[in-house]
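Notes for the one structure printed next.
There are 2 protein chains.
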Amino acid sequence: MQENLRSILSEAGIEDELVQEIQKVGFPKTARSGELIITPGSTSMHMPIVLEGLLSVVRQDEKANEILLYYLEGGETCAMSLACCIEGKRNDFKVTAEDNSVLWMIPMNYMDEWIQNYRSFRKYVFSSYQTRFDELLETIDSITFLNLYDRLYKYLLDKKQATKSYEIHMSHEQIAQHLNTSRVVVSRLLKQLENEGKIELERNRISIL
Amino acid sequence: MQENLRSILSEAGIEDELVQEIQKVGFPKTARSGELIITPGSTSMHMPIVLEGLLSVVRQDEKANEILLYYLEGGETCAMSLACCIEGKRNDFKVTAEDNSVLWMIPMNYMDEWIQNYRSFRKYVFSSYQTRFDELLETIDSITFLNLYDRLYKYLLDKKQATKSYEIHMSHEQIAQHLNTSRVVVSRLLKQLENEGKIELERNRISIL
DNA sequence: CATTGTTTGTAACTAATGTTACAGAGTGTG
DNA sequence: CACACTCTGTAACATTAGTTACAAACAATG
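Those protein sequences? They're chains A and B, same order as listed. Note that the numbering used here has the first sequence beginning at 1, numbered continuously upward. Note that the numbering used here has the second sequence beginning at 210, numbered continuously upward.
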């Protein structure tokens, strides 16, 4: 695990000195597939780095409708939690482990110092901000410019990409929640995708062809 | 104008020394209402601060469909353009002056130095990032969880807020573009809002009651 | 004031998505 | 294997939003 963390950080261009400090002040956190990691309304004091696994970041409205914003994959971090903490604001997300996952949690109070002292860390944080921002934009694009059929197909392809697997193990109901639509609609469109030879359907499993 | 800039920056907690430097290396740029300031595909080398007026930031797809992402009001900046520049990426936005506006343009190459040396500037930039991010989330909320009727009404109220005026001077066609729908639909819903006593309609003008 | 172009109102229709209801297939457990 | 539970397929229908078409009102201009 320590090795994994080290290689992720060096890859991001962070110098040994800082890597060691991150190892020293942070701590690991594991989550099993399906586990809720952050609930809306909570205030976290740590910035997580995903060492292994996959997290989904979901937005909720007051009626508990949901929409998937983006995934956090191995090696990625969510600098957004920074501001959420700096300004003492509540968290507006729901973060779930989509797979068995391992995170490295860094206490927020080191952030400002590191951003000041390490150009590489500055780059790392800004780059994370930017990546999340771009992903939000892509989400907006999908919702705004695509119809449900295309959105669903894109969703499946994105999930394939994120899990590096051609098989998706989810129920139609779960997919419907990520897209803020109903199970019936998802079943209908999945069947259409199957008829067009793009996927194969089984119980709790979708194979992408 | 210099006075305006100074008061905006001090208000943001930036010390005199840096304010003076920003005044020295930046330059003003004016735009008349309706003028296109940034087109998709361009790469800007400056971070703009809005001194006066109002800018709209719009996302476009390849078929020139559009959706309003957020406004930039007087005193605000768009730190996003930072990363757009750092990573040499193309701009994916269309920025338009919604009013006669004045901007202060800061060359990007000073950013990293200032972020390193001035805690206040660091805060300013991060806070800008966060504000934009929150606005994107609100946009996603609207698109995802509201029907068009509510979205339209919220749009009018937001515009009122941004312009500090109860009168909106736009055609139905322009509103339709910001919401990525058609003029006919907007006219239909506006008429409904009027019948319900929430607004008053005239040619090129909507009054919010 | 005649002409032209823009804006708005409205009807009639189409398409996309959401909802309700129900049946049958698959899975896990005692 | 009997039972309970979850998941999927499908039909019928309701609602929302998009499209086409046309007329009338308004504004700008020579």
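Cβ coordinates follow ideal geometry from the N, Cα and C atoms, glycine included. Note that the structure is a prediction, hence the values are computed from the model and not measured.
Exercise for the section: Indicate whether A/Glu52 and A/Ser101 have their beta-carbon atoms separated by less than 8 Å. Expected result: yes
Practice task
For A/Asn180, I'd like the list of residues in its chain whose CB is within less than 7 Å of its CB, leaving aside the five on either flank, ordered along the chain.
Solution key: Asn65, Glu66 and Ile67
Practice task
Assign A/Gly197 to buried or exposed, taking buried as 16 or more other Cβ atoms, counted over all protein chains shown, within 10 Å of its Cβ.
Solution key: exposed
Exercise for the section: Could you check the C-alpha separation between A/Leu148 and B/Phe354 for me, to the nearest Å? Expected result: 15 Å
Practice task
Measure from the alpha carbon of B/Val259 to the alpha carbon of each residue in B/Thr239, B/Gly243 and B/Arg414, then state which is nearest.
Solution key: B/Thr239
Practice task
In the DSSP assignment, find the alpha helix (DSSP H) that holds A/Ser172 and state where it starts and stops.
Solution key: Before going on, a small fix: residue 172 of chain A reads as His here, not Ser. That run of the alpha helix (DSSP H) goes His172 to His178.
Handout entry: A/Val257 versus A/Gln192: straight-line alpha-carbon distance, rounded
Key = No statement about residue 257 of chain A is possible, as the shown extent of chain A runs from 1 to 209 and does not include it.
Handout entry: DSSP-derived helix/strand/coil call for A/Ile14
Key = coil
Problem - With 16 other Cβ atoms within 10 Å as the buried cut-off, status of B/Val228 - result: buried
Exercise for the section: Please determine if the segment 332-341 of chain B and the segment 275-290 of chain B are in contact, where contact requires at least 3 C-beta pairs separated by less than 8 Å. Expected result: yes
Practice task
Determine the direct distance from the alpha carbon of B/Met314 to that of B/Tyr255, and round the result to whole angstroms.
Solution key: With the sequence shown as reference, residue 255 of chain B is identified as His, and Tyr is not the correct amino acid for it. Each residue's alpha carbon lies about 6 Å from the other.
Handout entry: Neighbouring residues, chain B, relative to A/Tyr153 (Cβ below 9 Å)
Key = By Cβ distance, chain B contributes nothing, its closest Cβ being about 17 Å from A/Tyr153, past 9 Å.
Problem - Amino acids of chain A, ordered along the chain, whose beta-carbon sits closer than 8 Å to that of B/Arg331 - result: Asp112, Ile115 and Gln116
Practice task
Determine whether the Cβ of B/Met317 lies closer than 8 Å to any Cβ atom of chain A.
Solution key: no
Exercise for the section: Using only alpha-carbon positions, find the residue among B/Glu282, B/Leu214, B/Met317 and B/Asn413 that is nearest to B/Ile384. Expected result: B/Asn413
Handout entry: Unbroken stretches of the alpha helix (DSSP H), 4 residues or longer, contained in the segment 322-357 of chain B
Key = 328-354
Practice task
Can you tell me which of B/Gln386, B/Glu220 and B/Leu365 puts its alpha carbon nearest to the alpha carbon of B/Ile417?
Solution key: B/Leu365
Exercise for the section: Run down chain B in chain order and give the residues with a C-beta less than 8 Å from the C-beta of A/Leu136. Expected result: Phe342, Leu345, Leu346 and Ile349
Practice task
Kindly indicate which three-state DSSP category B/Lys407 falls into: helix, strand or coil?
Solution key: coil
Handout entry: Unbroken beta strand (DSSP E) run spanning A/Pro48, endpoints
Key = His46 to Glu52
Exercise for the section: For A/Thr144, return the contacting residues in chain B, with the cut-off set at a CB-CB distance below 7 Å. Expected result: Ile276, Ile352 and Asn389
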